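In the numbering used here, the protein residues as written are 189 to 531.
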């Protein structure tokens, strides 16, 4: 179900201590598509509701095939479902308390509060990096301003300089000893093949690209890059969020059509198309207080997870902003659309 609001003055929305400027947005009703049981069997979840934090699933993500990965912080395991059917579970994976999970072709990247852990897709642990004050002082990189390639992590500091760590391993103290400063990091790009930086380039504004595509999980860098290209605001379907109000903007993924999704204050979601134009802005109707960040299915559907003493609930907002991409993914993958559950 969709509701549309149009206002003829600039409206200020307070979203978790941020300000969102827009003259129009949509509201979508989430559909309940699955309920997972509370219990100790495979595919079930143990909840510790006696504590206010870290008492259940903490992050969700999808891979390119539509497999759903749920991080169970209580048992330090990863539970995998496909088309709502249990596939497998893996223990002792994450050294960080995962708040966000990214699934790539070869890696699982877990982002914690001040920690990143990287695992190979075959679940052999690869690396861990802590972002602690003793190392970075007052210049600790924001977790949204970190780029990981096959062998190197790039960390943008608050002052705009870039650090890097290569030859990553499991000993985080040893990893932090390998930190290269800004000048050394920029020099890496002059000898890209030597450091396996195939296709990676850096411009004069310290932005990193892979085969010409901007690599960033930082909204301000994303916005300013596309602002240079899309000067005419009329091409946007909705007014984009200005960087000065983007403290709580978190990149949550891309879909099969290369649309970019940003969560704003656990309340609104901006969808930018592959040309950096705003395709959709919607507020998700928060019937429940979701315990994790939203996750993007390759079809473009947006998923939410919540839980209470009776179960773990998976909700969805269907992709209506790019129906062609959604239909194409389901047709090519052969995966049927999930049917909503009456609740």
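Where is the CB? At the ideal position from N, CA and C, for every residue including glycine.
As the structure is a computational prediction, the values presented were derived from the model and not from experiment.
Whole beta strand (DSSP E) runs in the stretch 217 to 283 with 3 or more residues, listed along the chain? You should have 219 to 224, 245 to 250, 255 to 260, 265 to 270 and 273 to 279.
By DSSP, does residue 514 sit in helix, in strand, or in coil? helix
Among 258, 464, 212 and 517, nearest to residue 247 - alpha-carbon criterion: 258
For residue 561, which of 505, 360, 463 and 444 has the nearest alpha-carbon? Not covered by the structure: residue 561. The range shown for the chain is 189 to 531.
How would you write the range of the alpha helix (DSSP H) that residue 411 sits in, first residue to last? Counting along the chain, the alpha helix (DSSP H) containing residue 411 begins and ends at 407 to 417.
From residue 525 to residue 511, what does the alpha carbon distance come to, in whole angstroms? Each residue's alpha carbon lies about 13 Å from the other.
If I'm right that residue 185 touches residue 465 with Cβ under 8 Å, what's the distance once you round it to whole angstroms? This structure leaves residue 185 out entirely; the chain is present only between 189 and 531.
Tell me whether the beta-carbon of residue 356 lies closer than 8 Å to the beta-carbon of residue 364. no
Just how far apart, CA to CA, sit residue 224 and residue 502? 8 Å
Out of 458, 216, 392 and 518, state which residue places its alpha-carbon closest to the alpha-carbon of residue 350. 392
Give the range of the alpha helix (DSSP H) segment to which residue 360 is assigned. Where residue 360 is concerned, the enclosing alpha helix (DSSP H) stretches over 360 to 365.
State yes or no: is the C-beta of residue 221 within less than 8 Å of the C-beta of residue 529? yes
Alpha carbons only, please: which of 422, 418, 405 and 249 is nearest the one belonging to residue 437? 405
Within the same chain, show all residues whose beta-carbon is closer than 8 Å to that of residue 434, passing over the 5 residues directly before and after it, in chain order. Counting only Cβ-Cβ distances below 8 Å, and skipping sequence neighbours, we find 206, 407, 408, 411 and 452.
Short check: CB of residue 316 to CB of residue 305, under 8 Å? yes
Report the CB separation of residue 507 from residue 487 in whole angstroms; it is logged as a contact under 8 Å. 6 Å
Taking C-beta to C-beta, are residue 233 and residue 500 nearer than 8 Å? In this structure, the beta-carbon distance from residue 233 to residue 500 falls below 8 Å.
For residue 268 and residue 447, what's the separation of their Cα atoms in angstroms? 24 Å
Using 8 Å as the threshold, is the C-beta distance between residue 340 and residue 353 below it? yes
When we look at the beta-carbon of residue 288 and count the other beta-carbons within 10 Å, is it buried (16 or more) or exposed? Classification of residue 288: buried, given that the 10 Å Cβ count is 16 or more.
Is the distance from the Cβ of residue 274 to the Cβ of residue 484 below 8 Å? no
Where residue 497 falls: helix, strand or coil (DSSP): coil
With 16 other Cβ atoms within 10 Å as the buried cut-off, status of residue 286: buried
Just verifying my parser: in three-state terms, what is the DSSP assignment at residue 386? coil
Between the C-alpha atoms of residue 236 and residue 496, what's the straight-line distance to the nearest angstrom? 10 Å
Anyone know if the C-beta pair for residue 302 and residue 472 falls short of 8 Å? At a Cβ-Cβ threshold of 8 Å, residue 302 and residue 472 do not count as neighbours.
Residue closest to residue 239, alpha-carbon to alpha-carbon, out of 386, 262 and 478: 262
Please determine, among 277, 260, 253 and 430, the residue with the shortest C-alpha to C-alpha distance to residue 271. 253
Can you name, in chain order, every residue of its own chain whose Cβ lies under 7 Å from the Cβ of residue 523, other than the five neighbours on each side? 254 and 271
Nearest-angstrom Cα distance between residue 367 and residue 396? 18 Å
Could you tell me the boundaries of the alpha helix (DSSP H) in which residue 371 lies? 370 to 376
If you follow the beta strand (DSSP E) that residue 441 is part of, which residue opens it and which one closes it? 437 to 442
Taking all protein chains shown into account, decide if residue 400 is buried (16 or more other Cβ within 10 angstroms of its Cβ) or exposed. exposed
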